[in-house]
Amino acid sequence: MMKKKITCKTEAILINRVRWTVSRIAMLSVACGMTLPLAATAQKAPAASITEAQAARIDNALLLQGPETPLTKAVAEARSTIAAFLRVHSCITYDAGGLNIFAAPGKTYPNNNYAQSPKPQMRRHDKSACVTVLRVHGWTMPSPNTLRFEVVYTSDNSGESGKSTHEVQKQANGEWLFSR
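Read left to right, the sequence shown gives residues 1 to 180 (full-length UniProt numbering).
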């Protein structure tokens, strides 16, 4: 029996129709050059899609300047996970289930009524658009394996702003996951 060749395009279409595991979606994202947040949240896609300019703002906000310290080293290690999280976080309105792929053991983001994302804080923001990360600041390192920081978001269409505080912890396997 001959197996049907599945291309990246057909795989991406199937993600929307089939409930796959996060590991299967992550493998697809690497193989097809898709970003993990886009691939991993295809089932729970945010109402809006992040723009290239907004994604670039996130990447730039996570570049810390100055001498190498334990804090800057930890931020550099966690940067890709934090950036992926912020790309999703800046676009969700109500359903935060798509953030669970970034959650540390014991942390669960709700599938409804998630009031900690920046969009619900902005009453006049067009909810069909993502908000922009203005800056990431207030970096602290409460312990050698934990980073805490604050994100300031702004609405490009209403001018409103919102904040959120997050914490990531380095797991035993070296992966950084969100605990708060």
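Even glycine gets a Cβ: it sits at the ideal position worked out from N, Cα and C. Being a predicted model, the structure only gives us computed values, none of them experimental.
Which of the three DSSP states, helix, strand or coil, is assigned to V22? Low local confidence applies: a pLDDT of 44 at V22 is under 50, so the model's placement there is unreliable, with the coordinate-based value given in what follows. DSSP places V22 in helix when its eight states are reduced to three.
Close beta carbons around K44, own chain, < 7 angstroms, minus the five adjacent residues each side: With a pLDDT of only 46 at K44, under 50, the local geometry of the prediction cannot be trusted, and the value read off the model is given with reservation. Hits under 7 angstroms: D95, G97, G98.
Determine which residues share a DSSP beta bridge with F102 and list them. Its beta-bridge partners do not exist; DSSP assigns none.
Rounded to a whole number of angstroms, what is the C-alpha to C-alpha distance between A74 and Q171? 12 angstroms
Given D156, which residues of its chain have a CB within under 8 angstroms of its CB, disregarding the five upstream and five downstream residues? A129, V131, T132
Does DSSP put T108 in a helix, a strand or coil? coil
Could you spell out where the beta strand (DSSP E) holding E167 opens and where it closes? 161–170
Taking H137 as part of the beta strand (DSSP E), name the residues at either end of that continuous run. 132–143
Is it true that the CB of P118 sits closer than 8 angstroms to the CB of S90? yes
Is S179 near A83, with beta carbons less than 8 angstroms apart? no
Integer Cβ distance of Q116 from N145, believed to fall under 8 angstroms: With 8 angstroms as the limit, Q116 and N145 do not qualify as a contact, their Cβ atoms being about 23 angstroms apart.
Where do the N-terminal and C-terminal ends of the alpha helix (DSSP H) with R148 fall, by residue? Counting along the chain, R148 falls outside any alpha helix (DSSP H), though it belongs to the beta strand (DSSP E) covering 146–154.
DSSP on L86, reduced to helix/strand/coil? helix
Between which two residues does the alpha helix (DSSP H) holding E52 run? 52–61
When S49, T69, A56, Q54 are compared against W139, the one with the closest alpha-carbon: T69
Taking all protein chains shown into account, decide if G162 is buried (16 or more other Cβ within 10 angstroms of its Cβ) or exposed. buried
Helix, strand or coil at L177 [DSSP, three-state]: strand
Hey, does G106 have any beta-carbon neighbour from chain C nearer than 8 angstroms? This model lacks chain C altogether, as it is built from one protein chain only.
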